[in-house]
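Student: Below: one structure in structure tokens.
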Amino acid sequence: MVLPLGNRFWLVFDVFILYQLARHGREAQVVPWLKRWFYPLFALSAVAAFGAIYTFTLYFHDLKGVASSMSMNLVMSIAFPVFHLVAAGARGPLHQRRLAQDGRHPRGTPVFLATWWPAQFVDGHLRTHPSVDEPTTYGFMYFLYGAIFVFD
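Numbering (our numbering), first residue to last: 349 to 500.
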């Protein structure tokens with residue numbers, strides 16, 4: 349299976365983020381047991397995340413990753429301000445890079461997806477994967493789009 353160009357593009361960023369976390373994450377921890385067990389927990393978290401995304405994709409036929417990416421986006425939109433408040437005054441490469449990325453988050457993504465995603469279905473089937481049926485409702489996606497827009 350060959351990854352589409354867009355997926356390869358994002359994979360580069362994801363690998364870079366994981367590299368930064370592996371390189372700087374342990375030293376950024378302030379809880380002693382978390383610092384001690386950082387790498388095993390990092391590996392376990394990566395395996396769990398891969399398993400969750402893979403099975404989510406299969407279960408919901410989310411072959412384009414729209415539902416999974418917007419679900420993760422909502423979690424991050426809620427969590428990042430909390431992390432920022434908890435880590436007020438924090439220093440270090442991970443914290444500074446995370447803060448720098450706040451302003452670059454594409455605020456229009458939910459608005460774009462609200463119109464683009466339904467247009468990907470022709471005669472009730474996903475244009476690029478005819479075995480995937482169109483959802484009976486877009487309510488879940490519209491909820492995600494609206495919540496992300498509000499929290500961002």
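Ideal Cβ placement from N, Cα and C applies to all residues, glycine included.
Evaluate P388 with the Cβ neighbour count: other Cβ atoms within 10 Å of its Cβ, from every protein chain shown; 16 or more gives buried, anything less gives exposed.
Tutor: Sequence index remark: in the sequence shown, residue 388 carries index 40 (1-based). Classification for P388: exposed.
Student: Hey, I496 and N421: beta-carbon distance below 7 angstroms or not?
Tutor: In the sequence shown, the residue the question calls residue 496 occupies position 148. In the sequence shown, the residue the question calls residue 421 occupies position 73. Yes, Cβ-Cβ distance for I496 and N421 is below 7 angstroms.
Student: I'd like the span of the alpha helix (DSSP H) that includes G399, first residue to last.
Tutor: In the sequence shown, the residue the question calls residue 399 occupies position 51. Counted as a single uninterrupted DSSP element, the alpha helix (DSSP H) harbouring G399 occupies residues 386-408.
Student: Could you name the residues of the same chain whose beta carbon sits closer than 6 angstroms to that of W465, not counting the 5 residues immediately before and after it, in chain order?
Tutor: Here the question's residue 465 lines up with position 117 in the sequence shown. Around W465: V414.
Student: Just to check my reading of the structure: I426 and F499 have Cβ atoms closer than 8 angstroms, yes? What is that Cβ distance to the nearest angstrom?
Tutor: For the purposes of this step, residue 426 is identified with residue 78 of the sequence shown, where counting begins at 1. For the purposes of this step, residue 499 is identified with residue 151 of the sequence shown, where counting begins at 1. So it is a contact: roughly 6 angstroms between Cβ atoms.
Student: For the candidate residues F357, R475, H477, F460, whose alpha-carbon lies nearest to that of Y493?
Tutor: Taking the sequence shown and counting its residues from 1, one reaches residue 493 at position 145. Ranking F357, R475, H477, F460 by Cα distance to Y493 puts F460 first.
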